[in-house]
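**Q** Residue 457 is where the sequence shown ends in my numbering, and the numbering goes up by one at each step. Note that CB positions come from ideal geometry on N, CA and C, so glycine has one too.
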Amino acid sequence: MSRFEIKMPKLGESITEGTIVSWSVKVGDIIQEDDVLFEVNTAKVSAEIPSPVAGKVVEILFKEGDTVAVGTVVAVVDMGGEEDDSSQENVSDSHEKVFAESEIQKGNQESIETKEERWYSPVVIQLAREAKIPKEELDSIQGTGYEGRLSKKDIKDYIDRKKRGLSGTPEPAPSVPSASSPKTASPVGSAPAVSASVAPVTTAPVAVVSSAASNIPGVEVKEMDRVRHIIADHMVMSKKVSPHVTNVVEVDVTKLVRWREKNKDAFFHREGVKLTYMPVITEAVAKALSTYPQVNVSVDGYNILFKKHINVGIAVSLNDGNLIVPVVHDADHLNLNGLAVAIDSLAIKARDNKLMPEDIDGGTFTITNFGTFKSLFGTPIINQPQVAILGVGYIEKKPAVIETPEGDTIAIRHKMYLSLSYDHRVVDGMLGGNFLHFIADYLENWEG
């Protein structure tokens, strides 16, 4: 009997455990490759975990609601056959040999073989063949399945994005030295975004629990949910790690407001998404990060890690009151239309609880929008291990002094506050001020 051990997957660089929300199978069930086994919830994302093999479920080792460390065996599948070897590695090797006999057509029926360390299911092979995806491109696609394997959804999403021109072949992420316990944090009540970077701390703050609180008359004590618990720890950690400084500027966005009003209907009919201010702000941020790469960094001890990609995270409010930060990868390579579609797609996936690990992974800078709640400005908390975060305020009409050839005059203008919190260990006042004013000038002089 050949047994395959299903382990709790690592759904992100900083994820160490996951909670089993529900099982889709029971002991005795016959399953096929890519059948959903269970749903797991982490601090970052909920995901359905498919089976990498076909067979019979013979053991389920944890019940719904259990929190399990990454790498722990949660179930066992009997793959059938007569071989005695039950090791996962040998099972994987056998599948790799099977795949080595398969072919993926590249244009003129040229066949390719996968790398030994990458395994693909038959359905993924078929989809790649139909889309004429070559070996190098297939190997570069990030998988969200068991142990990073490429799932049917991964390849379908990639093909769809490629058809819409939202992204090309992804480049490998730069290697980053690891720490003993990398941590991340998030802005203003947001769920922490996964990052491949290393936070400059190795211990998380311990939450203070007051047993006396439960004895106070008229007070009901409710334990934080898992996401809010992690948010709380990461907010405290970020403030302890990074000396925060916040700069605020007022921006005249009258040109931008008029441009949006003029173009929003045509844009919706053409692109199928609403034209908001966020794509323009994201474009401004991406250009600012290109101009000032010293802000597109993280800190590892006394080393500064310069990021080769500009990946902008945008905080999205969820129905349960929490926030999460999906990431627009390589934002500097997308035009305004591409940014609008990408931001809209990520926001919908976030609110429908359908974000995948790659959707929240690798952010290098974060935007949080206070204006959604009609707040003028705020002082956002840095999303570790990033070194800066931009807060966007509510746009309101104000009387303003306007200089004209005939002299000064009073006019009604659309004004908005931008606030930039930055890590004063690596971003000083001049750099922070220049970076913020670059964004402000870009928005004030917007022509569309």
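Just confirm the distance between the C-beta atoms of residue 325 and residue 340, as a whole number of angstroms; I'd bet it's less than 8 Å.
**A** Residue 325 to residue 340, Cβ: 16 Å. No contact.
**Q** Please report how far the alpha carbon of residue 73 lies from the alpha carbon of residue 28, in whole angstroms.
**A** Spanning the two alpha carbons is a distance of roughly 8 Å.
**Q** So which of 443, 66, 281 and 76 has the shortest CA-CA distance to residue 85?
**A** 66
**Q** So, under 8 Å CB-CB, residue 333 and residue 364 are touching, yes? Tell me the CB distance rounded to an integer number of Å.
**A** 7 Å
**Q** DSSP three-state call for residue 134: helix, strand or coil?
**A** helix
**Q** Going by the CB atoms, is the gap between residue 371 and residue 338 shorter than 8 Å?
**A** Contact: yes.
**Q** Go through its chain and collect everything with a Cβ distance to residue 168's Cβ below 6 Å, but skip five positions before and after it.
**A** 140
**Q** Can you tell me whether residue 410 is buried or exposed, with buried defined as 16 or more other CB within 10 angstroms of its CB?
**A** exposed
**Q** With burial defined as no fewer than 16 other Cβ atoms inside 10 Å of the residue's Cβ, what is the status of residue 311: buried or exposed?
**A** Exposed, by the Cβ-count rule.
**Q** Are the CB atoms of residue 396 and residue 431 nearer to each other than 8 Å?
**A** yes
**Q** Which residues does DSSP list as the beta-bridge partners of residue 12?
**A** 87
**Q** Hey, quick one: how far does the alpha helix (DSSP H) through residue 441 stretch, first residue to last?
**A** 438-453
**Q** Helix, strand or coil: which one does DSSP assign to residue 400?
**A** strand
**Q** Closest to residue 60 by C-alpha separation, out of 50, 79 and 13, would be which residue?
**A** 13
**Q** Thinking C-beta only, is residue 299 closer than 8 Å to residue 319?
**A** Yes, these two residues count as a Cβ contact at 8 Å.
**Q** Just mark residue 15 as buried or exposed, buried being the case when its beta carbon has 16 or more other beta carbons within 10 Å.
**A** buried
**Q** Just verifying my parser: in three-state terms, what is the DSSP assignment at residue 291?
**A** helix
**Q** Count the C-beta pairs between the segment 250-258 and the segment 433-443 that are closer than 8 Å, then say yes if the count reaches three, no if not.
**A** yes
**Q** Can you name the start and end residues of the beta strand (DSSP E) that residue 425 belongs to?
**A** 416-432
**Q** How would you call residue 437, buried or exposed, if buried means at least 16 neighbouring beta carbons within 10 angstroms?
**A** exposed
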